[in-house]
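Inspection log for the structure reproduced underneath, given as structure tokens.
Protein chains in written order, with the working numbering: chain V, 205 to 358; chain Y, 3 to 121.
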């Protein structure tokens, strides 16, 4: 059960990381120059179109993560403590904290993307998108490293 | 009118949630404590080492993250409702707080996690 949920959590996270990266590049690096390059096409997407998908994927991913976290606490954390993976536990603690903060900013993020372009909320839209992208990338990487920690040689 | 009140609520909620989460995390103010091994949820913050020998702590690991998030959500709900009642001309302030406070909260969380890296 835990393995199935973890795989599902990972798959949702992959979809989320793709969507938020598209949106972040679209808002931070406007299309110019070479529209036919890979990077040009990657960022030349209508960012607003990703907002609902990002919110839904973030909610599903957090829900799955919250369930998997119960198994982590019982089965995995004692092993990490026994093997003195203190840094991994610290990074994982940050993942929890960042994920919770990300959950809190979701309504503001959603409203930020509903504002017409050029309003006073543009700065907030960029900042919240960057913040959410950072949280998603951090959570993805730390989750991935923790899951494979025995292969990392820490 | 309703949409602008909802927008102020959302902006204030994001800022207040981040603030209250850091306060709950720093002060240990979990609304409830989860004991996953026993399948028990207790109201408030409880530490198994306070009632049992610390070396037996691994038998009943406690989880506060859910409780901290719930505490922050309740505090943020209250602030969000207040913001929704305030005039719309303050919306720029809530919009500023909506990203500034969570950014600072992230830094505060890094600071609170530092003990792990000193072990």
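Note that the Cβ used here is the ideal one computed from N, Cα and C, for glycine as well.
Nearest to residue i (by Cα), restricted to the options the options
| i | options | result |
| --- | --- | --- |
| residue 267 of chain V | V:209, V:333, V:347 and V:329 | V:209 |
| residue 70 of chain Y | Y:94, Y:97, Y:25 and Y:63 | Y:25 |
| residue 104 of chain Y | V:332, V:275, V:288 and V:287 | V:332 |
| residue 314 of chain V | V:257, V:284 and V:217 | V:257 |
| residue 290 of chain V | V:312, V:254, V:318 and V:350 | V:350 |
| residue 254 of chain V | V:275, V:265, V:338 and V:231 | V:231 |
| residue 224 of chain V | V:342, V:348 and V:271 | V:342 |
| residue 260 of chain V | V:299, V:288, V:286 and V:216 | V:216 |
| residue 227 of chain V | V:329, V:206, V:274 and V:348 | V:329 |
| residue 21 of chain Y | Y:117, Y:118 and Y:109 | Y:109 |
| residue 64 of chain Y | Y:86, Y:6 and Y:39 | Y:39 |
In DSSP terms, what residue i is bridged to
| i | result |
| --- | --- |
| residue 34 of chain Y | Y:45 |
| residue 116 of chain Y | None; residue 116 of chain Y has no bridge partner. |
| residue 65 of chain Y | Y:36 |
Assumed close pair residue i, residue j - CB separation to whole angstroms, cut-off 8 Å
| i | j | result |
| --- | --- | --- |
| residue 302 of chain V | residue 111 of chain Y | 7 Å |
| residue 23 of chain Y | residue 305 of chain V | 6 Å |
| residue 96 of chain Y | residue 10 of chain Y | 5 Å |
| residue 220 of chain V | residue 340 of chain V | 6 Å |
| residue 47 of chain Y | residue 66 of chain Y | 7 Å |
| residue 293 of chain V | residue 284 of chain V | 6 Å |
Any 3 or more C-beta pairs closer than 8 Å across the segment 28 to 36 of chain Y and the segment 249 to 260 of chain V: no
Along the segment 287 to 305 of chain V, where does the CB come closer than 7 Å to a CB of chain Y? Name the residues. 290, 291, 293, 294, 297, 298, 300, 301, 302, 304 and 305
Cβ-based contacts, 7 Å cut-off: residues of the segment 321 to 353 of chain V near chain Y: 324, 325, 328, 331, 332 and 335
Taking beta-carbon pairs under 8 Å, can you tell me which members of the segment 26 to 48 of chain Y lie near chain V? For the segment 26 to 48 of chain Y, the residues whose beta carbon sits under 8 Å from a beta carbon of chain V are, in order, 27, 36, 38 and 39.
Name, going along the chain, the residues of the segment 12 to 25 of chain Y whose beta-carbon falls closer than 7 Å to a beta-carbon of chain V. 12, 13, 15, 16, 19, 20 and 23
Positions along the segment 306 to 321 of chain V whose CB lies within less than 9 Å of some CB in chain Y: Of all residues in the segment 306 to 321 of chain V, 306, 307, 308, 309, 310, 311, 312, 313, 314, 315, 316, 318 and 319 have a Cβ within less than 9 Å of some Cβ in chain Y.
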